[in-house]
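Just so we're aligned, residue 455 is where the sequence shown starts under my numbering, counting upward by one.
Below is one structure, written out as structure tokens, with a few remarks after it.
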Amino acid sequence: MNIITNLGKRTISRDLLAGLAFAICIVATMIGTFFFIVATQNLQRELEEKTASISDEIVRVITLPMWNVDFESIQQTFQAYLNSEYLVGVRVKAEKRILFDKIPANVKKLILLKRTIYKKKHKIGEIELYFTDQNVKRTQKTMIYSMIISIGSVIIALILGTHFIMSTLLDKPLQQLICGIRTIARGDYSHPLDSAPQNDIDSIIREVNLMAGDIDKREVEAGCLNAELAEHRDHLENIVDERTAKLTRANMALEESMENLKKTQDDLVESRKMAALGGLVAGIAHEVNTPVGIGVTAASFLERKTTETNRLFNSGSLKRSDLEKYLNTATDSSASILLNLSRAAELIQSFKKLAVDQTSEEKRHFKLSEYLNNMLLSLRPKYKRTQHTITVDCHDDIVLYSYPGAFMQIITNLVVNSLYHGFENVEKGKMSIHVKDLGTKICITYKDDGEGMNQEQCNKIFDPFYTTRRTKGGTGLGMHIVYNLVTRTLGGKIDCESEPGNGAVFTIQIPREEEMTDEGQ
């Protein structure tokens with residue numbers, strides 16, 4: 455079984471031997487074929503020369519008997535030639551008469567040569583000669599057998615010699631090299647390979663021995679390094695555990711700080727909302743104070759006049775002129791009281807709606823133009839002692855189903871931002887609110903002509919706690935609240951454009967009712 459396995463096993467020497475045998479066969483076959491073709495051509499040429507020579511000779515010999523019409527000589531002559539190894543058939547014609555006719559049955563495989571016989575320049579007959587090439591074919595077969603035997607002998611001799619040389623110089627050193635490499639692969643570096651004869655395999659064996667020595671040395675070094683690495687790994691794990699514990703504590707502290715910061719931020723936002731509501735209350739109280747004061751004064755005056763008229767009536771000294779004067783005073787005073795109390799009631803009703811909207815998170819239908827005017831009425835105390843003005847451009851037919859309190863806080867913070875920041879050094883500032891109906895959306899453009907901002911300030915204006923008036927009481931939450939109300943509560947977007955000296959423009963796009971999001975609910 456091992457012998458069969460070894461015979462079927464591919465090796466370098468067997469592959470080289472197979473390749474060499476194939477190459478020798480190809481070369482020998484090509485050389486043999488070449489010589490066979492050359493020899494065949496020579497035999498064919500010799501056959502042609504021989505048949506031509508025999509034909510010429512027969513023509514010379516047969517001319518005189520045909521001239522003399524000697525049939526016996528003609529037959530004897532052809533009988534003599536037909537016994538040769540080349541000529542196998544003859545046909546002689548003279549004036550459409552056959553003088554001699556002896557042709558084999560299968561003439562297609564024969565060589566036909568025709569000659570015309572002349573005597574004294576007169577045609578006396580024709581002769582057809584049939585030759586065979588059997589001698590040439592026998593010679594060719596003999597050559598082929600000889601060539602095959604010779605080439606086979608040479609190939610076998612070369613293969614056997616090459617096999618012996620390769621077995622001696624290649625197979626044994628390679629087997630020794632393979633066994634040594636297997637030993638090294640098992641981790642045994644203490645048995646160097648024996649040197650082979652001085653050839654390339656010997657160089658390979660020397661390099662393998664050097665490699666084994668290097669591997670042994672590196673394994674020793676790797677063992678030392680692995681020990682050091684294990685020690686460092688244990689130390690590193692201790693450090694990592696310690697720092698992980700510290701990081702965990704720091705993360706817990708950071709999460710607690712973030713929670714406190716978020717709570718503080720929410721408290722600040724809520725306090726900012728309440729502060730805005732407080733400012734609204736103060737402004738409305740100031741506005742209501744004037745009509746109420748006028749009403750109280752008119753009522754007091756009417757009461758005093760009524761007391762005087764009643765005293766005159768009781769004493770019986772009331773004159774017609776006194777009564778007419780009292781009635782006129784009562785009429786004027788009542789009209790003044792009613793007008794101012796109506797004005798105060800209107801202000802209180804407007805304040806009630808705005809206050810409820812600002813503290814409520816419910817949606818309702820409202821006319822945007824009317825609501826904006828009510829907001830500006832509540833904001834008037836903040837700028838009525840200045841020369842600043844606010845204009846509103848909004849169609850009366852724009853009705854929204856949204857969060858009015860969010861609009862109140864947005865417009866209030868924008869106006870306050872312009873008054874405290876944009877108009878800090880401006881005496882006559884102008885603010886405008888332009889509302890455009892875009893079908894599925896509305897666009898609110900708020901603009902002032904204040905001091906404006908640079909690009910850095912414009913980029914950070916919506917960041918929480920960012921303010922340019924930190925030392926003057928600014929919290930940096932006003933515009934952050936505006937951004938959250940626009941993007942979260944109303945589901946829209948807001949952009950800011952500004953340049954130093956050219957004021958600021960805030961563009962707000964908000965979806966209508968059918969595209970509103972509930973993110974802020």
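The beta-carbon is built from N, C-alpha and C at its ideal position, and this holds for glycine as well.
request  = Quick one: residues in its chain with C-beta nearer than 7 angstroms to the C-beta of residue 541, no 5 flanking neighbours on either side, listed in chain order?
outcome  = If we look at residue 541 and ignore the five residues flanking it on each side, its Cβ neighbours are 508, 535, 583 and 585.
ask   = residue 711: buried (16+ other C-beta within 10 angstroms of its C-beta) or exposed?
value = With fewer than 16 Cβ atoms within 10 Å of its Cβ, residue 711 is classed as exposed.
query = Can you tell which of 476, 496, 918 and 471 has its C-alpha closest to the C-alpha of residue 715?
reply = Among 476, 496, 918 and 471, the Cα nearest to that of residue 715 is on 918.
query = Where does residue 927 fall in DSSP's three states?
reply = Since pLDDT at residue 927 reaches only 48, below the 50 mark, its modelled position is unreliable, and the value read off the structure follows with that caveat. Residue 927: coil per DSSP, three-state reduction.
request  = Mind checking who residue 543 pairs with in its DSSP beta bridge?
outcome  = 584, per the DSSP bridge assignment.
task = List the endpoints of the continuous alpha helix (DSSP H) containing residue 888.
result = Going by DSSP, residue 888 is part of no alpha helix (DSSP H) but of the beta strand (DSSP E) stretching over 884-891.
message = When you compare the region 856-867 with the region 902-918, are there three or more beta-carbon pairs, one atom per stretch, that lie closer than 8 angstroms?
response = Short answer: they don't touch.
ask   = Excluding the five sequence neighbours on either side, which residues of its own chain have a C-beta within less than 6 angstroms of the C-beta of residue 965, listed in chain order?
value = These residues qualify, in order along the chain: 895 and 945.
request  = Kindly list the residues whose CB is nearer than 8 angstroms to the CB of residue 451, restricted to its own chain and excluding five residues on each side of it in sequence; keep chain order.
outcome  = What is shown of the chain runs 455 to 975, which leaves residue 451 out entirely.
inquiry  = My output table needs one value for residue 571: the three-state DSSP class, helix, strand or coil.
reply    = Three-state DSSP puts residue 571 in a strand.
message = Measuring straight from C-alpha to C-alpha, what distance separates residue 522 and residue 547?
response = Whole-angstrom Cα-Cα distance: 14 angstroms.
ask   = Exposed or buried, what is residue 604 when buried is set at 16 or more other beta-carbons lying within 10 Å of its beta-carbon?
value = With a threshold of 16 other beta carbon atoms within 10 Å, residue 604 falls short and is exposed.
task = Give a yes or no on contact between the region 838-856 and the region 887-901, applying the rule of three or more CB pairs nearer than 8 angstroms.
result = Here the region 838-856 lies against the region 887-901, with 3 or more beta-carbon pairs under 8 angstroms apart.
inquiry  = Distance check for residue 568 and residue 498, CA to CA, integer angstroms please.
reply    = Approximately 19 angstroms, taken between the alpha carbons.
query = Which value, in whole angstroms, describes the spacing of the CA atoms of residue 942 and residue 709?
reply = In this structure, the CA atom of residue 942 is about 25 angstroms from the CA atom of residue 709.
inquiry  = Less than 8 angstroms between the C-beta atoms of residue 932 and residue 905, yes or no?
reply    = No. Outside cutoff.
request  = Using beta-carbon positions only, say whether residue 833 and residue 866 come within less than 8 angstroms of one another.
outcome  = Going by beta carbons, residue 833 and residue 866 fall inside the 8 angstroms limit.
task = Provide the residue(s) that pair with residue 860 in DSSP beta bridges, ordered along the chain.
result = According to DSSP, residue 860 bridges with nothing at all.
query = Below 8 angstroms between beta carbons: does that hold for residue 558 and residue 564?
reply = Contact: yes.
request  = Grab the span of the alpha helix (DSSP H) containing residue 935 for me, first residue to last.
outcome  = Its alpha helix (DSSP H) spans residues 932-938.
ask   = What distance in whole Å lies between the Cβ atoms of residue 608 and residue 493, which are believed to be in contact at a cut-off of 8 angstroms?
value = Rounded, the Cβ-Cβ distance is 18 angstroms, inconsistent with contact.
query = Given residue 880, which residues of its chain have a CB within under 6 angstroms of its CB, disregarding the five upstream and five downstream residues?
reply = Cβ neighbours of residue 880 beyond the five flanking positions: 904.
inquiry  = So, for residue 529: in the same chain, excluding its five sequence neighbours on each side, which residues have a beta-carbon less than 8 angstroms away from its beta-carbon?
reply    = If we look at residue 529 and ignore the five residues flanking it on each side, its Cβ neighbours are 554.
ask   = Between which two residues does the alpha helix (DSSP H) harbouring residue 534 extend?
value = According to the DSSP assignment, residue 534 belongs to the alpha helix (DSSP H) that extends over 525-536.
query = Under a three-way DSSP split, which group does residue 548 fall into?
reply = Reduced to three states, the DSSP call for residue 548 is strand.
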